[in-house]
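Note that this note's numbering has the sequence shown beginning at 915, numbered continuously upward.
What follows is a single structure, written as structure tokens, with notes after it.
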Amino acid sequence: MGNRAFTTVVQRGLLGDTYRFQVKRARFMSILGSTPEGRHALEVQNEHGITLSWVDGGAASYDGDSRCTLNLNMDAARLAGYFVHEMYHVERKKSGASPDADASPDEQQYVDRMVEEEIEGTVLGFQSRIGQSGPLMPGEEFYRLAYQDAKKQALAGGADAATAEEAARSAARRVVRHLIRPTDGSWPRIAPSTLESYEMYYHRVWRKSHAVRR
């Protein structure tokens, strides 16, 4: 292949990648703009000047400062749920509500607060995807089942729409709590990795911060 032909192929490939990125980003933004949770997440991003970095692996993460990474290869609707979750961390961090490991003298209190933050971020991410199609986030199917069942029962019992919605979200939140922090001795279904729960992760963060070896 001549140099000119090779250059043309490379350029077409780059243009194709750029187009696919633009299409995915447009759909991602459209999905976020279609839900209350998504719109709020975008407001948080804009308010705090959070830069989005598109990468080829993982799901999404917030660096604790001004950058959020997103997986370009992930389904846009699914990724929108992760974005909502990460912007909850941003909001907590920037408002001072999220505990700082260095400034937290009590290890278990720090862990409890951070695990609760993960639970709430997961709830918001799942809730933002109610009614969305496509691949589900890990554990999302349990949230949807609990939400739909509780709402159906509440409406069947004569509750108005607002009360039924509240009952649905409350039931679904309890499911998320169990998925992240089960009390029956089972391994969490939602965790940072297959080898470490959120509880273990935040214990590790605190101990590293305080130079504690255990």
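Quick reminder that beta carbons are idealized off the backbone N, C-alpha and C, glycines included.
Since this is a predicted model, take the numbers as computed values, not measurements.
* Start and end residues, alpha helix (DSSP H) containing Asn960 -> Pro950 to His962
* Taking only the alpha-carbon atoms, compute the straight-line gap between Val937 and Thr1097 and give it to the nearest angstrom. => 43 Å
* **Cα-Cα separation between Ala991 and Asp977, rounded to whole angstroms** => 22 Å
* Which whole-angstrom value is the C-beta distance of His999 and Thr1036, which I expect to be below 8 Å? -> That belief holds up - the Cβ atoms of His999 and Thr1036 are roughly 6 Å apart, short of 8 Å.
* **Where Thr965 sits in the DSSP three-state scheme** => strand
* Tell me, which residues are paired with Thr983 by DSSP? -> Partner(s): Ser967 and Ser975.
* Looking at C-alpha atoms only, which residue of Cys982, Ala1125 and Glu1113 is the closest neighbour of Gln1023? -> Glu1113
* Should Arg1006 be labelled buried (16 or more other beta-carbon atoms within 10 Å of its own) or exposed? -> buried
* Asked: Which whole-angstrom value is the C-beta distance of Ala1017 and Trp1120, which I expect to be below 8 Å?
  -> Actually they do not touch by this definition, with Cβ atoms about 11 Å apart.
* Between Arg1088, Gly1072, Arg1027 and Tyr933, which lies nearest to Phe1040 when the distance is taken from Cα to Cα? -> The shortest C-alpha separation from Phe1040 is found at Arg1088.
* **Residue burial classification, Gly952 (beta-carbon count within 10 angstroms, cutoff 16)** => buried
* Provide the residue span of the alpha helix (DSSP H) that contains Ile1044, from first to last. => Careful: Ile1044 lies outside any alpha helix (DSSP H) and carries neither H nor E.
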